[in-house]
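K.L.:
In this note's numbering, the protein residues as written are 348 to 487. Each residue gets a CB set at the ideal place from its N, CA and C atoms; glycine is no exception. Before I ask anything, here is the structure I am working with.
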């Protein structure tokens, strides 16, 4: 039973880590509209990935605590995780780096230069944890 509780716990941590990474520019940038411009610069706003991550937290927790069928929760978490990665990859591919370079606050360009890549990298942990959860349940 313990092996089926670790995977969704890691999934919850991955989702919360993604939300924290998405909130970092709000803490660093003092100009209110700059972060909105940064996030809306791509084809898809990555804050949708944050929304899906918060829903995935509920799905992982419901499966872990047997509030819903663990197999259903693992499958739903995997689907949410794949959408999260898709949002982040499309946002990264559509070029938010040009907006980072146009921000003129001191030291901000160096701090946020790799932020889109970090967001995309952290997003990969959500479907990985969901796949691990499905494997721990014996579904794969």
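Could you give the DSSP three-state label for residue 428: helix, strand or coil?
P.N.:
Residue 428: helix per DSSP, three-state reduction.
K.L.:
Given a cut-off of 8 Å on the beta-carbon distance, is the pair residue 365 and residue 421 in contact?
P.N.:
No, Cβ-Cβ distance for residue 365 and residue 421 is not below 8 Å.
K.L.:
Look up residue 470 in the DSSP assignment and say whether it is helix, strand or coil.
P.N.:
Three-state result, residue 470: helix.
K.L.:
Quick check: the region 469-486 against the region 424-435, are at least 3 beta-carbon pairs closer than 8 Å?
P.N.:
Output reads yes: the region 469-486 touches the region 424-435.
K.L.:
Please report how far the alpha carbon of residue 484 lies from the alpha carbon of residue 432, in whole angstroms.
P.N.:
If you take the alpha carbons of residue 484 and residue 432, they lie about 23 Å apart.
K.L.:
Quick one: what does DSSP say residue 401 is sitting in, helix, strand or coil?
P.N.:
If DSSP states are grouped into helix, strand and coil, residue 401 belongs with the helices.
K.L.:
Can you say whether residue 407 is buried or exposed, counting buried as having 16 or more other CB atoms within 10 angstroms of its CB?
P.N.:
Flag for residue 407 reads buried.
K.L.:
Going by CA-CA distance only, name the one from 358, 386 and 352 that's closest to residue 469.
P.N.:
Among 358, 386 and 352, the Cα nearest to that of residue 469 is on 358.
K.L.:
With distances taken Cα to Cα, identify the nearest neighbour of residue 409 among 471, 351, 487 and 486.
P.N.:
If we check each option's Cα against that of residue 409, 351 comes out closest.
K.L.:
Express the C-alpha separation of residue 430 and residue 402 in angstroms, rounding to a whole number.
P.N.:
Their backbone Cα atoms lie some 12 Å apart in a straight line.
K.L.:
Comparing C-alpha positions only, which one of 467, 378, 355 and 380 sits nearest to residue 494?
P.N.:
Nothing in the structure corresponds to residue 494, since the chain is present only between 348 and 487.
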